[in-house]
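Numbering (full-length UniProt numbering), first residue to last: 1 to 815.
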């Protein structure tokens with residue numbers, strides 16, 4: 001009989017790509033028959049084909065037992081197929097794993113080839129139970145005569161210790177012995193031991209400090225770079241827990257950094273110096289300078305991987321040695337313009353960490369320059385014309401290439417980093433706030449991303465905190481409000497129109513710094529502001545009111561009758577523009593506009609009623625605007641109406657922790673309820689106390705009266721429709737919880753009847769108690785397997801009519 005081999009299966013898959021699933025289904029059917037055959041060769045071939053299909057994503061867990069059968073084959077080439085299938089398909093939930101315990105024990109005492117296969121398989125399929133049962137045999141294998149067996153046993157022991165931590169003390173003791181393996185030429189055994197110890201030390205480094213002398217000896221004597229890398233990593237984990245190691249390790253690591261040509265070893269030495277605290281103190285300055293110089297050379301290397309790891313390492317050195325990293329500022333800033341976006345991000349991290357009061361302005365200017373569009377990337381008119389005339393097709397690489405600076409995500413990160421560098425630690429690095437305000441305005445123009453809200457907050461915060469910069473800020477914001485560019489582009493994405501909010505607020509709040517405030521009012525009330533966001537429109541209206549109030553107060557101080565037409569025209573302008581927003585859909589804009597219209601309507605009426613007073617004393621001072629004889633001012637009183645409303649006190653900044661310093665008044669307990677919640681019903685009756693329910697025929701009136709004759713009373717009450725009578729049933733025990741639920745249902749029934757009372761009236765239009773419809777409810781409680789089944793029978797009746805309906809409604813209540 002001819003069977004399909006693995007090679008035939010692969011050829012068939014390649015030949016049946018259009019109908020692969022059908023071909024595989026047929027092949028699996030053949031495998032199911034072959035794997036049940038007693039011939040071990042045929043069974044192993046079926047398992048091998050299943051292993052291949054498992055790598056393609058098809059499940060073979062149904063064949064787990066057959067895999068164990070092939071693993072137990074005495075022939076090595078079949079056994080290796082079984083172990084390969086187990087490694088590929090078994091997991092921690094495989095139910096046949098426990099069947100392999102004795103098989104693994106047997107193979108671990110067999111020939112070296114079978115021991116190697118068993119150790120490799122164990123390291124992949126080990127589970128806690130297997131690790132517990134096989135750990136003694138595995139530790140014994142560490143003393144095997146063959147170096148390759150000892151090496152494999154050490155690596156398998158690591159997986160066993162991870163799954164079964166109870167073997168750690170005994171295993172680490174054996175690993176310590178393997179650091180001094182006596183067999184010459186067995187550097188692989190020592191290297192494997194160092195590798196395992198390096199992995200174990202990541203979890204609890206302090207447990208491996210006793211190995212420091214042996215590891216230090218290997219560090220100073222070994223020439224194997226890969227093993228030295230692991231030893232250096234291991235010392236990087238141990239040195240924070242043993243300060244004496246720092247001084248001991250500085251000479252050998254310094255020598256390695258100076259002499260080794262291996263870049264990987266060089267980087268690990270530098271990284272260990274950083275994380276191990278070897279750069280601290282005066283003794284570490286020379287080592288730090290050497291490390292920074294080596295990392296700077298990595299940044300200038302053509303290998304992008306070296307650039308990346310160098311930038312990562314320099315970020316960790318900056319906090320302790322910023323002056324050393326600052327020497328390579330130009331080299332680092334050049335990486336911000338790298339084509340690799342990952343290099344750019346790491347360079348930005350480093351640049352942000354390098355910021356100081358002396359370097360902030362130069363760094364920000366260079367980072368800000370990356371947001372300015374590069375005109376060199378666009379073809380000139382002559383180049384475009386020549387290309388069109390000669391019909392030169394555009395290069396695919398040239399057209400598809402987009403600079404990272406044009407990416408919105410990257411531009412947003414650049415903008416955020418600029419704000420972060422300048423505002424960190426309450427602007428500790430900013431020495432010139434006028435420069436910073438200019439940077440914020442420039443950033444709003446060139447960012448082209450949604451960063452306007454952050455710029456707005458920074459502008460308001462700086463102007464509020466720094467009094468000396470307010471005059472310059474008002475001048476700068478005045479220019480921004482008079483520029484129509486941002487106003488016209490306010491609806492565009494990334495326009496940063498929120499900056500106009502800050503500009504209007506600053507000019508309104510500190511309008512005393514304006515030399516000619518009346519000239520700003522037409523810009524605040526132009527028709528184009530209707531396209532802005534509602535919150536910006538509201539601030540525009542409020543700022544116009546503040547500026548007008550300040551200006552009219554100035555006019556009143558130097559009043560001249562010739563000023564009246566100008567004031568009237570300005571009032572008419574404000575009223576005409578603001579009335580358009582009284583019916584705005586936004587509530588805030590509508591309220592601001594309505595208040596402003598009312599105030600200015602009053603001012604307009606006062607100005608219209610004003611009549612200039614004749615000057616009786618020709619020798620009076622021309623600047624005097626108050627008539628002492630008449631006791632009335634010579635200017636309209638409404639000129640002083642608005643300034644007290646907006647300028648009663650100066651708005652000062654408040655520290656973040658200011659509220660915490662305010663003492664709590666005596667007698668105020670912040671943890672006590674203002675209005676206490678209703679108390680939860682907590683019956684005080686003992687849980688074992690029991691109350692007998694009302695027996696058959698015992699009725700109870702709604703108003704609490706007792707019945708002398710139970711049957712007669714019950715019958716009379718039922719006719720009136722006001723009785724809640726229990727049905728006929730056997731005596732039951734009522735617990736406190738059941739009584740509480742009964743009260744709950746009584747309350748609901750009362751509410752239902754009371755609601756009917758409110759909503760029902762007599763036919764004469766008056767609330768007649770005799771006309772109130774009544775409901776006769778009969779409640780039957782029956783407990784069934786954790787539920788209380790409630791059967792409710794009710795009869796709705798009216799005093800004017802006969803009973804209309806009778807229904808039974810079962811309800812399940814879980815208790």
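Cβ atoms here follow ideal geometry from the backbone N, Cα and C, with glycine treated the same way. This structure is a prediction, so every number in the text was calculated from the model and none was measured.
Determine the direct distance from the alpha carbon of residue j to that of residue i, and round the result to whole angstroms.
i	j	result
residue 131	residue 168	12 angstroms
residue 351	residue 332	7 angstroms
residue 40	residue 197	41 angstroms
residue 599	residue 483	29 angstroms
residue 170	residue 309	38 angstroms
residue 357	residue 422	10 angstroms
residue 820	residue 414	The requested residue 820 does not occur in the structure, where the chain is confined to residues 1 to 815.
residue 221	residue 206	24 angstroms
residue 138	residue 152	10 angstroms
residue 228	residue 161	24 angstroms
residue 337	residue 343	9 angstroms
residue 662	residue 426	22 angstroms
residue 69	residue 82	8 angstroms
residue 246	residue 209	13 angstroms
residue 240	residue 67	48 angstroms
residue 659	residue 226	58 angstroms
residue 231	residue 255	15 angstroms
residue 3	residue 74	23 angstroms
residue 559	residue 501	33 angstroms
residue 52	residue 46	10 angstroms
residue 72	residue 158	25 angstroms
Which stretch, first to last residue, makes up the alpha helix (DSSP H) that contains residue i?
i	result
residue 344	341-354
residue 472	470-482
residue 321	From DSSP, residue 321 is part of no alpha helix (DSSP H); its letter is neither H nor E.
residue 221	212-221
residue 52	40-55
residue 7	6-15
residue 280	Where residue 280 is concerned, there is no enclosing alpha helix (DSSP H), given that its DSSP letter is neither H nor E.
residue 66	64-71
residue 535	534-557
residue 600	587-609
residue 445	433-446
residue 566	564-578
residue 645	643-646
residue 674	Here residue 674 belongs to no alpha helix (DSSP H), and DSSP marks it neither H nor E.
residue 170	168-178
residue 498	498-509
residue 521	521-524
residue 83	76-89
residue 156	147-163
residue 410	408-427
residue 246	244-259
residue 19	Element bounds for residue 19: n/a, residue is neither H nor E.
Does the distance from the C-beta atom of residue i to that of residue j stay below 9 angstroms?
i	j	result
residue 133	residue 94	no
residue 524	residue 506	no
residue 650	residue 549	no
residue 363	residue 410	no
residue 474	residue 434	no
residue 668	residue 555	no
residue 539	residue 504	yes
residue 589	residue 522	no
residue 215	residue 179	yes
residue 64	residue 89	yes
residue 312	residue 289	no
residue 49	residue 104	no
residue 156	residue 190	no
Does the Cβ of residue i have 16 or more other Cβ atoms within 10 Å, making it buried, or fewer, making it exposed?
i	result
residue 223	exposed
residue 141	buried
residue 776	Confidence is the limiting factor: at residue 776 the pLDDT is only 49, short of 50, which leaves the residue's position unreliable, though a coordinate-based value still follows. Buried: at least 16 other Cβ atoms inside 10 Å.
residue 602	exposed
residue 91	exposed
residue 286	exposed
residue 458	buried
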